[in-house]
Amino acid sequence: MSFSSISRRKLLAAIAAGGGVSRLAPFLPRAVHAASVPKRILTVFSPMGYLEPSFWPTGTGTNYTLGETMTALQPWKSKLLYLDGLAMYGAQWFFDNPDNEHASGGNMVFTGSKMNPLAGGPSIEQAVADFQYAQAKTAFRSLALGVNSGTPSQHTAIFYSKAQTPVTAQTNAQTTFNQLFANFTGPTAPPSTGTGGSGGTLPKPPVDTSASDRLQRQKQSVVDLVKDELARVRKLAGTEDRERMDAHLEGINSLENRIKLLAMNTPPINSVPTTPSAPSGPIATPGSAGAGCAKPNLTGSGLTGSIHSQMDLITAAFACDMTRHISLQLGICDGGIDAIDGVGQHDTTHAYGDTKAAPPHVENHKRYDRWYADRWAYLLGKMDAIKEGNGTLLDNTLIVFGSDTTTNHSAFGLGPHNHIRFPLWMAGGGNFAFKTGQAIQLPHSATDPGSPALVARWVTHQRLLTSIGQAFGMNIDTFGSNDPGKGPVTQLTRV
Amino acid sequence: MKCPRLLSELLSAGLLSGVLFSGPGCSGSIVADESKSNTGGGPNPGDPDIAPPEVPDEKTACSGSSTVSQGRWRRLTADQYSNAVRDLLGQTTSIAGFLPDSRTARFKTNAAFPVEEVDVGTYASKAESAAKLAVGNLKTLLGGCDTAGTGGEDRCATQFIKDFGERAYRHPLSTDESAALMKVYNMGKAESFSVGIKLVVEAALQAPRFLYMVESGMDDDNGLRKLDGFEVASRLSFLLTGTMPDADLFAAARNGVLDTADGVATHARKMVDSPKFTGEVSRFHIELIGVDALADTTAVTKSTTKYPDFNDGMRTAMADEMRKFVSYVMEEGSGSVEELMSANYVFPSGPLAKVYGAGAVAGADGRAIIEDGTRKGLLTLAGTQAVHPMLPTPRGAVNRGHMVRRDFLCNVVPPPDVRVEFTLPPNAEMMTAQELLRAHMDNPTCKACHSLMDSIGFGFENYDPLGAYRTQDAGGNEIDATGEIVGIADEGVFNNAGEMVDKLAASPELRECMSTQWFRFAFGRDPEEADACTQAKMISKLKEGQGNIRDAVLSLVQSDAFRFKGGL
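If you read the sequences in order, they're chains U and H. For the first sequence, our numbering gives the first residue as 14, with consecutive numbering after it. For the second sequence, our numbering gives the first residue as 9, with consecutive numbering after it.
Listed below in structure tokens is the structure:
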């Protein structure tokens, strides 16, 4: 555990004591009495799925046994959710894709949208972000993190803020750390004695409120200038540049929101804000979030260490309620994560076919899958260790794991990679999304859903993306630009 | 030059796309072709050429009326931002790795995709730090303006906003822009004069006119929009010096000197002789080859047991060497494509001494001339060989061959079919490259593309994954570095990397490709049909003699594509 504990009140004091705009970055919403716990989503991409026979659990319902390569997840078995028999629809080779299925699958897995030339819609965590952020503005609308995820291109882009617009993942954990935790001075105190950070009487450090008001007005004047200038140059811009100016404006609005949030949180914290300039929308009220808020200690290096650092950041960003929507991209469509010395992941996956299942290749593939399971266990362990309300941070965060392809048996004659019995699986979120601790067998065809007639026999992954959106309260029936059906996965149990 | 069509074309190849081209065996062929025909769908079989679009000769290309593509505003890259803050405020702001840059093909350009939310926040905090530091020396910042007396402070502020604002926005301020900065100043002045000035700096550094190369242009008779002198000045200075315009260039913009192609050329000629231009030519080649990825320890990895020397020091040394090499060619040598491609010297400093071996003895200038022909230009530098392949694989030859095709010949090689199954032999590490990759040649589908790449890659077999010269491969086999390069004018067989590089360096295809790459580097987009004349002129320069890079770039900056933009 590389977290240092720090009480929420200390954090607030540290923020107030920090200098400059960067002190505005780490914020905690003002103390509120325990209300609703935030609903969060984390989407995680890793290349090329798993070797299926050893990945999928055996048994059904709650009475299931983890696949042999996934046993590292055993401690969280009651918080996992498998849907065996999904088809990722639209990425298959028989569609006229401008690239092969690595990229077409990568573009589609979280967007449900076809790639042409890039994905035709937002990924699920961004769609949820649009929905939730409109109701409650956290310090950051969303974060996009990556490890060796390249710069956006057809072959590298997985997560999209909207059609044709991939997010650019930050791969340098230290940079994100600075963006979120600059001037965060801890640890200095024993864990909060408050009840789950849900308010209580906080000490009132001596603060010159007139000075802090003045600072806020100054920051606001800078923000106003940038907004004015964006509007001015926007008139000179072509279509694409106009969209980029609009995105920049959204970033400025988010900065402005942080400035206002900080002002409202400036001690004395339990008093009515002295600066009644409320943000343009409602602010986030995290309820019991915050008790586990701590500055992460990033010490990892190398591939594994970099991944763990990003996971530490994710946990901290959620625990401090800096955002509720994060994507984590490990590698790109067909690789980038060669974790095992001398064994290329891409080679390993392609080396498997039902007629060529040479034991060394199967074993190598399993080694990769176990390595991934260890990473996922690290993430779940971090999140589950943070108490929140009646459960843990993990219970309030739906994690969706996905890939560009899967590597399965060649029963369908489709070669090593395809998109059926697709491992789009989940962990956490048991407090608000779906009943976890289950392996659900979905009815499916013995034939790839290669035509409108055949697709009806499959539950497509757009159904799951729809279910996820609904779990966050979105009023949707379909998801993505290429949805062949309607409604949620009926076999899922909502909580 | 035909490959089976399973995709129409790749977008700009991603940083890592090299890992795609890796299937060695193809022993199982592509499966499921039958079910494809059963379902009636499927890609159309066809055989597109992997060669880049042809550019007509200069006479044909430049005979019609002027046309220019629209293009997009570029957001300053992390390096450009850093340089501009340095020049604007006379301070060093360290922002290494702070924001991810998006690329056009291999080059960092930030011409596409929006800025990220968190990064807008970072701009704010960086601006505040820089502003705080700047007002620490207020007198210098104000250029000696005397604030004494009634209204002195406001007078100095007005002057500061006019002068500093013009440099920060790289454009004279409109009345509205001045007024907006004045408003910010007044807000800060309520606290103190210094805070007022600080806020002006802080705001200007976050304004779109600072962060983006805003280009509007003016309507022109020919339906294009002519960039004004200040917009041309920005294009020139960022392309040729990697930073904002200096006082000289601003003066030229103000005086209308940059309104003509001749005026642009006059200034550009001075600029391409500066060390800053050398720095940008280095950056061009470092990004083209991907050596910048060495700084990311997750992007380029080697077996730690086999290559324990591949540490941070080695990574830095490799990138530094390429900088030294390009600088030498540009400043001491001929400044030509040919010398970059075929110079017989390396810079074996620090940990590289071990890589280059005892035969590489550096002179006073750090340069070691390699007499035995084992080093020839950029392609045989240690860094080039170390980043291809980026990730450990026994099949570096494929990646190296692909690198030559993609980056130096501008070929578009499609990725292999995802359904390919192959079995890597258990003793792959002990096999020669030729043995390992032979299966590619046995299968027509694999062969179509791999014959174009593998046989180039064989030429580099004499370089181990750190770029050290070797005569035996990892399996202890004698190296056979013979190969063949096809699809270029001087195509044919070669005995080693040196002979292959000679063929490349002499080929018009390479010079044409360099023109495309410089176009991408300069504009952040691919050349289109409308840019044919611009490209044709650059190609003429690159094909002349050894291919002088300064001459080619000078032709580029005088072009319509550089001085105009398409209508909105």
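Ideal placement from N, C-alpha and C gives every residue a C-beta, glycine not left out.
Which residues mark the beginning and the end of the alpha helix (DSSP H) in which residue i is found?
{"i": "H:Ser-90", "result": "86-97"}
{"i": "U:Gly-394", "result": "372-397"}
{"i": "H:Tyr-177", "result": "160-177"}
{"i": "H:Tyr-131", "result": "125-142"}
{"i": "U:Leu-94", "result": "Segment 93-97 is the beta strand (DSSP E) holding U:Leu-94; no alpha helix (DSSP H) there."}
{"i": "H:Trp-526", "result": "516-531"}
Cα separation between residue i and residue j?
{"i": "H:Asn-319", "j": "U:Pro-165", "result": "28 Å"}
{"i": "U:Tyr-146", "j": "H:Thr-130", "result": "20 Å"}
{"i": "H:Lys-234", "j": "H:Lys-549", "result": "25 Å"}
{"i": "U:Gly-264", "j": "U:Gln-192", "result": "13 Å"}
{"i": "U:Leu-505", "j": "U:Leu-86", "result": "21 Å"}
{"i": "H:Glu-469", "j": "U:Leu-158", "result": "37 Å"}
{"i": "U:Arg-227", "j": "U:Gln-139", "result": "35 Å"}
{"i": "U:Tyr-77", "j": "U:Leu-64", "result": "19 Å"}
{"i": "U:Phe-123", "j": "H:Gln-214", "result": "33 Å"}
{"i": "U:Ala-352", "j": "U:Leu-316", "result": "7 Å"}
{"i": "U:Lys-175", "j": "H:Glu-125", "result": "14 Å"}
{"i": "H:Leu-207", "j": "H:Phe-168", "result": "12 Å"}
{"i": "H:Val-428", "j": "U:Cys-346", "result": "16 Å"}
{"i": "U:Arg-271", "j": "U:Val-235", "result": "14 Å"}
{"i": "U:Arg-255", "j": "H:Met-338", "result": "39 Å"}
{"i": "H:Ser-73", "j": "H:Ala-540", "result": "11 Å"}
With DSSP as the reference, identify every bridge partner of residue i, one or two as the case may be.
{"i": "U:Leu-64", "result": "U:Thr-420"}
{"i": "H:Ser-202", "result": "Its beta-bridge partners do not exist; DSSP assigns none."}
{"i": "H:Asn-556", "result": "H:Ser-344"}
{"i": "U:Asn-76", "result": "U:Thr-73"}
{"i": "U:Asn-495", "result": "In DSSP, U:Asn-495 forms no bridge with anything."}
{"i": "H:Asp-227", "result": "H:Arg-233"}
{"i": "H:Lys-573", "result": "H:Arg-233"}
{"i": "H:Arg-111", "result": "H:Lys-116"}
{"i": "U:Ser-128", "result": "The sequence shown places Met at residue 128 of chain U, not Ser. In the DSSP output, where bridge partners are listed per residue, U:Met-128 has U:Ala-132."}
Tell me the DSSP secondary structure of residue i in three-state form.
{"i": "U:Trp-438", "result": "strand"}
{"i": "U:Arg-154", "result": "coil"}
{"i": "U:Pro-309", "result": "strand"}
{"i": "H:Asn-485", "result": "coil"}
{"i": "U:Gln-148", "result": "coil"}
{"i": "H:Val-289", "result": "helix"}
{"i": "U:Pro-179", "result": "strand"}
{"i": "U:Lys-400", "result": "strand"}
{"i": "U:Thr-405", "result": "strand"}
{"i": "H:Tyr-315", "result": "coil"}
{"i": "U:Met-324", "result": "helix"}
{"i": "U:Asp-334", "result": "coil"}
{"i": "H:Gly-151", "result": "coil"}
{"i": "U:Ala-47", "result": "Residue placement at U:Ala-47 is poorly supported in this model, since its pLDDT is 37, which falls under 50; the coordinates are not used for a value here."}
{"i": "H:Met-577", "result": "Beyond the ends of chain H as shown, which are 9 and 576, falls residue 577 of chain H; an answer cannot be given."}
{"i": "U:His-430", "result": "strand"}
{"i": "U:Lys-248", "result": "coil"}
Please list the terminal residues of the continuous beta strand (DSSP E) segment that includes residue i.
{"i": "H:Phe-502", "result": "500-502"}
{"i": "U:Gly-133", "result": "Where U:Gly-133 is concerned, there is no enclosing beta strand (DSSP E), given that its DSSP letter is neither H nor E."}
{"i": "U:Ser-174", "result": "173-175"}
{"i": "U:Gly-415", "result": "410-415"}
{"i": "U:Ser-340", "result": "338-343"}
{"i": "U:Ala-452", "result": "451-454"}
{"i": "U:Val-57", "result": "53-58"}
{"i": "H:Glu-492", "result": "491-493"}
{"i": "H:Asp-65", "result": "Looking at the DSSP string, H:Asp-65 is not in any beta strand (DSSP E), and its letter there is neither H nor E."}
State yes or no: is the C-beta of residue i nearer than 7 Å to some heavy atom of the ligand SAM?
{"i": "H:Leu-564", "result": "With respect to small molecules bound, the structure shown includes none, and the ligand SAM cannot be examined in it."}
Are the C-beta of residue i and some C-beta of chain C separated by less than 8 Å?
{"i": "H:Glu-199", "result": "Of the chains in the structure shown, none is chain C; the protein chains are U and H."}
Handout entry: Ranges of the beta strand (DSSP E) found wholly within the region 331-417 of chain H, counting only runs of at least 3
Key = Within the region 331-417 of chain H, no complete beta strand (DSSP E) run reaches 3 residues.
Exercise for the section: Jot down the residue ranges of each uninterrupted alpha helix (DSSP H) in the region 238-297 of chain H, minimum 4 residues, whole runs only, in chain order. Expected result: Listed in chain order, they are 255-262, 269-279 and 283-297.
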